[in-house]
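Asks: For the sequence shown, the working numbering assigns the number 4 to the initial residue and increments by one for each residue that follows. Yeah, the Cβ is synthetic: ideal placement off N, Cα and C, and Gly gets one too. These figures come from a predicted structure and were not determined experimentally.
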Amino acid sequence: MKIVTTLSEMRIERSLLPEPVGFVPTMGYLHAGHISLVKAARIDCASVVASIFVNPTQFGPNEDLARYPRDLPRDLALLEAARVDMLWSPTVEVMYPSGFQTWVEVEGLTRSLEGELRPGHFRGVTTVVAKLFNAVSPDKAYFGQKDAQQAAVVRRMVRDLDFPIEVVVCPIMREADGLAMSSRNVYLNPAERQAATVLFRALSAAKAAYESGERNAEKLRTLVREIVTAESLAKLQYISCADYDTLEELETVRAKALLSMAVLIGKTRLIDNFVVGL
Ligand code: AMP
4 MKIVTTLSEM RIERSLLPEP VGFVPTMGYL HAGHISLVKA ARIDCASVVA SIFVNPTQFG
64 PNEDLARYPR DLPRDLALLE AARVDMLWSP TVEVMYPSGF QTWVEVEGLT RSLEGELRPG
124 HFRGVTTVVA KLFNAVSPDK AYFGQKDAQQ AAVVRRMVRD LDFPIEVVVC PIMREADGLA
184 MSSRNVYLNP AERQAATVLF RALSAAKAAY ESGERNAEKL RTLVREIVTA ESLAKLQYIS
244 CADYDTLEEL ETVRAKALLS MAVLIGKTRL IDNFVVGL
């Protein structure tokens, strides 16, 4: 696996890659969820590029940028084993040289849910993803359904800014007890790790209700709220039952809908979601 850290090197190495090129952007501290994206890219594409960049501009001032978990040697071994051809691993100075002042912002889709609780988060995400896309010029880019709003926002940006890139959204990978895999799960102590299963339990109950015919969105939200409230270590930040594409809150579930939530377990913020009406 070629490790590339500068834009000039990237231009040369990118031109040598057999096409189509698949791209998997990450912030590192990799787990099986990230590797599932690499596997999907490996099946579709002649070359696979991954990136590791902990993007400072998508973290709020009181968020976990400084303590975001990192383990580059382990990540390199996992990417090698998954047969990644190239790792794009730029420094903050390469991505944001002094004088940087240009931003990419998707408006409507970023106002609710994660965007409402994390002001500026998606501006950082879309700016860095646009820059990563410009550096790597992939044919296909792979994102996880785990970050459902991010996937919707990136799809919108690609359409609006005419990136010639196909966005592929891959299913959520979970631990045996249902907890969605996340680099942030490492923050949980044993009691919190146990409590964290409440996200999957609550979403599963709502999904079961949907499958038994419940189409009232508020009833589905209430079901989730009640289950999360019963878990003493959990604090629900939001529960949403929204249109899959526009992310507008629904009264009645008629087409493809996204049931999504954010929960604080102690100090750790976890998100999870289910898609219904596929
Ligand atoms: P991150 O390193 O957290 O920025 O995630 C990089 C990519 O991996 C994003 O597209 C995430 O949605 C995706 N991802 C993270 N966790 C999972 C998971 N449990 N299952 C599938 N994809 C995931």
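Mapping the DSSP letters down to three states, classify A233 as helix, strand or coil.
Replies: Translated into positions along the sequence shown, residue 233 becomes position 230. In the structure shown, A233 sits in coil (DSSP, three-state: anything other than H, G, I, E or B).
Asks: So for G25, helix, strand or coil by DSSP?
Replies: Sequence index remark: in the sequence shown, residue 25 carries index 22 (1-based). The answer is strand: DSSP assigns G25 an E or B state.
Asks: Does the distance from the CB of L262 to the CB of V279 come in under 8 Å?
Replies: The residue you call residue 262 lines up with position 259 of the sequence shown. The residue you call residue 279 lines up with position 276 of the sequence shown. Yes, the Cβ-Cβ distance between L262 and V279 is below 8 Å.
Asks: Identify, in the order they occur along the chain, each residue of the same chain with its Cβ nearer than 8 Å to the Cβ of A260, setting aside the five sequence neighbours on each side.
Replies: Walking along the sequence shown from the start, residue 260 turns up at place 257. Taken in chain order, the residues that qualify are A220, C244, A245, D246, Y247, L253, V278, V279, G280.
Asks: Here's the rule I'm using: 16 or more other beta-carbon atoms within 10 Å means buried, otherwise exposed. How should E117 be labelled?
Replies: Counting from one through the sequence shown, the residue named residue 117 turns up at place 114. Answer is buried; the Cβ neighbour count reaches 16.
Asks: In chain order, which alpha helix (DSSP H) runs of at least 4 residues are fully inside the region 125-203?
Replies: Here the runs fully enclosed are 151-163, 193-198.
Asks: Would P64 be called buried (16 or more neighbouring beta carbons within 10 Å of its own) or exposed?
Replies: For this step, residue 64 is matched to residue 61 along the sequence shown. P64 comes out exposed.
Asks: Measure the beta-carbon distance from L273 to L223 and round it to whole angstroms, keeping in mind my assumption that it falls under 8 Å.
Replies: Against the sequence shown, residue 273 aligns to sequence position 270. Against the sequence shown, residue 223 aligns to sequence position 220. With 8 Å as the limit, L273 and L223 do not qualify as a contact, their Cβ atoms being about 19 Å apart.
Asks: Going by beta carbon distance, what residues of the same chain come within less than 6 Å of I175, once the five residues before and after it are set aside?
Replies: Walking along the sequence shown from the start, residue 175 turns up at place 172. Excluding positions up to five away in sequence, the list reads Q148, K149, A183.
Asks: Using only the heavy atoms of ligand 1, determine whether one of them is closer than 7 Å to the beta carbon of F146.
Replies: To locate residue 146, count along the sequence shown from 1; it is residue 143. Yes; taking the cut-off as 7 Å, the Cβ of F146 has a heavy atom of ligand 1 nearer than that.
Asks: On the criterion of 16 or more Cβ atoms from any shown chain inside 10 Å, does S54 qualify as buried, or is it exposed?
Replies: Taking the sequence shown and counting its residues from 1, the one referred to as residue 54 is at position 51. So S54 counts as buried.
Asks: Using the C-alpha atoms, what's the distance from E22 back to P72?
Replies: Translated into positions along the sequence shown, residue 72 becomes position 69. Translated into positions along the sequence shown, residue 22 becomes position 19. Their backbone Cα atoms lie some 33 Å apart in a straight line.
Asks: Please report the straight-line C-alpha distance between L19 and H37, rounded to a whole angstrom.
Replies: Residue mapping note: residue 19 aligns to position 16 of the sequence shown, counting from 1. Residue mapping note: residue 37 aligns to position 34 of the sequence shown, counting from 1. About 25 Å.
Asks: Would the beta-carbon of D78 be found less than 7 Å away from any heavy atom of ligand 1?
Replies: As a first step, residue 78 must be located in the sequence shown, where it is residue number 75. Flag unset: Cβ of D78 not near ligand 1.
Asks: In this structure, what does DSSP give as the bridge partners for I274?
Replies: The residue given as residue 274 occupies position 271 in the sequence shown. A265.
Asks: If we count the other Cβ atoms within 10 Å of its Cβ and call it buried at 16 or more, is T9 buried or exposed?
Replies: Taking the sequence shown and counting its residues from 1, one reaches residue 9 at position 6. Burial call: exposed.
Asks: Between T232 and K270, what straight-line distance do the alpha-carbon atoms span, to the nearest angstrom?
Replies: Residue numbering aside, residue 232 sits at position 229 when the sequence shown is read from its first letter. Residue numbering aside, residue 270 sits at position 267 when the sequence shown is read from its first letter. Approximately 16 Å between the Cα atoms of the pair.
Asks: So which of G123, D163, M4, C173 has the shortest CA-CA distance to A144?
Replies: Here residue 144 corresponds to residue number 141 of the sequence shown, with the count starting at 1. Here the closest residue by C-alpha is C173.
Asks: Under 7 Å: does the beta carbon of P141 sit that close to some heavy atom of ligand 1?
Replies: In the sequence shown, counting from the first residue as 1, residue 141 sits at position 138. It does not: the Cβ of P141 is nowhere closer than 7 Å to a heavy atom of ligand 1.
Asks: What are the boundary residues of the alpha helix (DSSP H) that A53 is part of?
Replies: Here residue 53 refers to the residue found at position 50 when the sequence shown is read from its first residue. Taken as a continuous stretch (DSSP letters only), A53 belongs to no alpha helix (DSSP H), being part of the beta strand (DSSP E) at 50-55.
Asks: Check whether the Cβ atoms of V171 and V157 sit closer than 8 Å, and answer yes or no.
Replies: What you label residue 171 is simply residue 168 of the sequence shown in a count that begins at 1. What you label residue 157 is simply residue 154 of the sequence shown in a count that begins at 1. Result no, Cβ atoms of V171 and V157 do not sit closer than 8 Å.
Asks: Could you please give me the residues that DSSP links to E252 through a beta bridge?
Replies: Position 249 of the sequence shown holds residue 252. Answer by DSSP bridge pairing, in chain order: A245.
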